[in-house]
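Each residue of the sequence shown is one higher than the last, beginning at 0 in numbering that gives the first Met the number 0. The C-beta atom is built at its ideal place from N, Cα and C for all residues, glycine as well.
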Amino acid sequence: MSRPFEIEIAESEEELKKRLQTANVENQKEKLQMLWWVKSGQVKEQQEIGKRLAKDTSTVTRWLQKYRSGGLSELLKIKKAPGAKRKINECAMPTAVNYAALEEELKTGKGFIPDTARHFIFWISQIQRFFDKILIIDRFSGI
0 MSRPFEIEIA ESEEELKKRL QTANVENQKE KLQMLWWVKS GQVKEQQEIG KRLAKDTSTV
60 TRWLQKYRSG GLSELLKIKK APGAKRKINE CAMPTAVNYA ALEEELKTGK GFIPDTARHF
120 IFWISQIQRF FDKILIIDRF SGI
């Protein structure tokens with residue numbers, strides 16, 4: 000039997016329940032569920048929370064430490080993975096302005112040679128048909 004833990008939950012049961020119902024990220028739902036159980040007195044030990052959520056006790060401890068140090072906003076903060084730097088410059092990324100300009104060029108024919116655009120669309124459709132046929136063959140051949 001582990002010793003009971005003590006934590007003061009600032010939010011009301013009602014607020015936690017409303018946030019739990021509107022949460023759309025699974026990880027956030029689990030964290031809100033944990034706080035609601037503690038606030039409503041349904042759990043008294045970290046191991047109980049871990050069992051109910053199928054999480055290791057160290058995960059529950061880490062979540063509670065985040066809540067203690069920064070409150071609900073810190074607990075529910077979604078971290079973004081660092082990842083590699085973009086290989087495409089931000090200026091080259093499509094935007095609404097780029098799409099509007101492209102659409103205008105396609106309508107007016109300025110900036111494009113009409114035959115080139117037609118050939119491009121034709122070849123794209125041919126490539127699509129080719130891949131569609133491969134997928135159908137693969138499905139029937141069991142490959």
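Quiz prompt | Nonlocal neighbours in the same chain, by C-beta distance under 6 Å from residue 56, ignoring five residues either side | solution = Counting only Cβ-Cβ distances below 6 Å, and skipping sequence neighbours, we find 45, 46, 49.
Quiz item: Who are the Cβ neighbours of residue 29 in its own chain at under 6 Å, not counting the five residues just before and after it?
Solution: Hits under 6 Å: 52.
Quiz item: Roughly how many whole angstroms lie between the Cα atoms of residue 9 and residue 70?
Solution: The alpha-carbon atoms of residue 9 and residue 70 are separated by roughly 8 Å.
Exercise. Using the Cα positions of residue 72 and residue 43, report the straight-line distance between them to the nearest angstrom.
Key: Taking the straight line from one Cα to the other gives about 23 Å.
Quiz item: Comparing the C-beta of residue 65 with each C-beta of chain C, is any distance below 9 Å?
Solution: The chain inventory of the structure shown lacks chain C, comprising one protein chain alone.
Quiz item: Between residue 65 and residue 35, is the Cβ-Cβ spacing less than 9 Å?
Solution: The Cβ atoms of residue 65 and residue 35 do not sit closer than 9 Å to each other.
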